[in-house]
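What follows is a set of notes on a single structure, which appears directly below.
Residue numbers (our numbering): 3 to 436.
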């Protein structure tokens, strides 16, 4: 009798511990922060947070939102995750002074519970394009405006919010503060801090794809979820300005590497170009790739052909045009505030002008050096200063007319001595003791 009793006691204790564990997890709430622009990395972060919350049996996910907007495709995918979620999503525009502009307004409207802190703003959701020649211009294409307006209105209706105000965020760039958003039923509540938010949430019943869920937040355990290394990396390269810089450096690196191979610039350029394209999130246009490919071919031919540089000039033009077709001068695929985008474009153009000028100068110097007549005849018999020991098996540096050259010798020459140039093997001088 003793053994069965002990076994039953063990099972009872195990079940009690399981129950206590479940109770603890059921009272858990995941908190994540969405700051800066909404990018594909943001979508990955949202997915990770959702998967973590499901596995840990969290009762809700709170997003602390402060964003100028972001990429439309990433925003739509985030909303899709929220709409199909088994866990309630609470979007809280916080802290004071934060904004839910453009893409942020979409995410707020599409949440199960929408809350704003005092002195925060929601709105300005009309897509904006920008060019250096036209400046900031709202997109007026009815197809795009009607599609986005219908989408945000249906999301508002799904969560019993003001569909008219939601549409006006897009059609009229309407902006509302927290008091106005609550008055017009765009949000569900105003909370000055997270503690007040938890009091508001306590006892609320929310409909999800799992069914009705009643929140119990009085003694909730708050778990702040941080992005993984993968998301952190994607977030870094997805920063619009950094992605543009990577793209530009990659393009110039390819040009320099192909014109002057052997230094690894083409490899580094290719990697930077790929990272830049990933960060920008573009579908690379075939015509742009053809132009860039043609430009590279022309530059290669120019590098090995004597002449006036006509082929090189044509290649450079192809590269510039192909690159311009890939560069995001228009933000049609972005829901983002025009002020933020103007700052981004100004910084990007400044960087492009600086690096472009440097690149053109570098390519010109390289091509000029390649076309110079061999001067080996002038080298023969000239004296050099030996900087490193030279042996038949080992090359070392010498100084010739103030310039460092790599050299080798058939016999040992000690560093610090003088030597004479007797021949040249590619970029390496052949010397002998003086």
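All residues carry an ideal CB built from backbone N, CA and C; glycine is no exception.
Taking the alpha-carbon positions, what's the residue i to residue j distance?
i, j, result
"residue 46", "residue 105", "16 Å"
"residue 406", "residue 399", "6 Å"
"residue 102", "residue 63", "18 Å"
"residue 40", "residue 209", "26 Å"
"residue 157", "residue 112", "5 Å"
"residue 211", "residue 88", "5 Å"
"residue 302", "residue 253", "15 Å"
"residue 165", "residue 267", "54 Å"
"residue 403", "residue 232", "51 Å"
"residue 236", "residue 431", "47 Å"
"residue 215", "residue 234", "32 Å"
"residue 69", "residue 259", "39 Å"
"residue 60", "residue 48", "15 Å"
"residue 94", "residue 139", "30 Å"
"residue 127", "residue 244", "24 Å"
"residue 71", "residue 195", "23 Å"
"residue 279", "residue 75", "15 Å"
"residue 96", "residue 108", "16 Å"
"residue 58", "residue 31", "10 Å"
"residue 161", "residue 270", "49 Å"
"residue 100", "residue 37", "9 Å"
"residue 79", "residue 182", "28 Å"
"residue 149", "residue 197", "38 Å"
"residue 154", "residue 228", "29 Å"
"residue 178", "residue 213", "32 Å"
"residue 141", "residue 77", "18 Å"
"residue 382", "residue 294", "43 Å"
What is the DSSP secondary structure of residue i, reduced to helix, strand or coil?
i, result
"residue 169", "helix"
"residue 229", "coil"
"residue 333", "Confidence is the limiting factor: at residue 333 the pLDDT is only 42, short of 50, which leaves the residue's position unreliable, though a coordinate-based value still follows. Three-state DSSP puts residue 333 in coil, outside helix and strand."
"residue 197", "helix"
"residue 188", "coil"
"residue 399", "strand"
"residue 390", "coil"
"residue 411", "strand"
"residue 216", "strand"
"residue 70", "coil"
"residue 421", "strand"
"residue 432", "strand"
"residue 180", "helix"
"residue 62", "strand"
"residue 234", "helix"
"residue 39", "coil"
"residue 406", "strand"
"residue 222", "coil"
"residue 427", "strand"
"residue 77", "helix"
"residue 209", "strand"
"residue 147", "helix"
"residue 382", "coil"
"residue 31", "strand"
To which residues of the same chain is residue i closer than 7 Å at the C-beta, ignoring the five residues directly before and after it?
i, result
"residue 277", "239 and 248"
"residue 1", "Any answer about residue 1 is impossible in this case: the structure gives the chain only from 3 up to 436."
"residue 389", "398, 399, 400, 401 and 417"
"residue 274", "248, 251, 252 and 255"
"residue 497", "Residue 497 cannot be examined here, being either before or after the span of the chain that is shown, 3 to 436."
"residue 230", "50"
"residue 98", "119, 120, 121 and 122"
"residue 146", "129"
"residue 159", "165"
So, at 6 Å on beta carbons, what are the nonlocal neighbours of residue i in its own chain, with the 5 sequence-adjacent residues on each side left out?
i, result
"residue 35", "66"
"residue 152", "none"
"residue 115", "92 and 190"
"residue 393", "414"
"residue 29", "222 and 223"
"residue 378", "Because the pLDDT at residue 378 is just 49, under 50, the model does not fix this residue reliably, and the point stays unresolved."
"residue 180", "118, 120, 122 and 192"
"residue 226", "33"
With 8 Å set as the bound, which would you pick, yes or no: does the beta-carbon of residue i sit closer than that to a beta-carbon of chain C?
i, result
"residue 87", "No chain C appears in the structure shown, which is made up of a single protein chain."
Within a Cβ cutoff of 8 Å, which residues of the same chain sit near residue i, ignoring the five residues on either side of it in sequence?
i, result
"residue 396", "410"
"residue 433", "386, 388, 392, 400, 409, 410, 411, 415, 421, 422, 423 and 424"
"residue 2", "The shown model of the chain, from 3 to 436, leaves out residue 2, and the question about it has no answer."
"residue 428", "none"
"residue 438", "Residue coverage of the chain in this structure runs from 3 to 436, which leaves residue 438 outside it and unanswerable."
"residue 173", "128, 147 and 151"
Less than 7 Å between the CB of residue i and some heavy atom of the ligand GTP, yes or no?
i, result
"residue 169", "Ligands in the displayed structure: none, and consequently the ligand GTP is not present."
Q: Specify whether the region 179-188 and the region 205-220 touch according to this definition: at least 3 beta carbon pairs, one from each stretch, less than 8 Å apart.
A: no
(Q) If contact is defined by three or more beta carbon pairs under 8 Å, each pair taking one atom from either stretch, is the region 37-52 in contact with the region 79-91? (A) yes
Q: Kindly provide the ranges of any alpha helix (DSSP H) runs that are 4 or more residues long and lie completely inside the region 84-130, ordered along the chain.
A: 105-111
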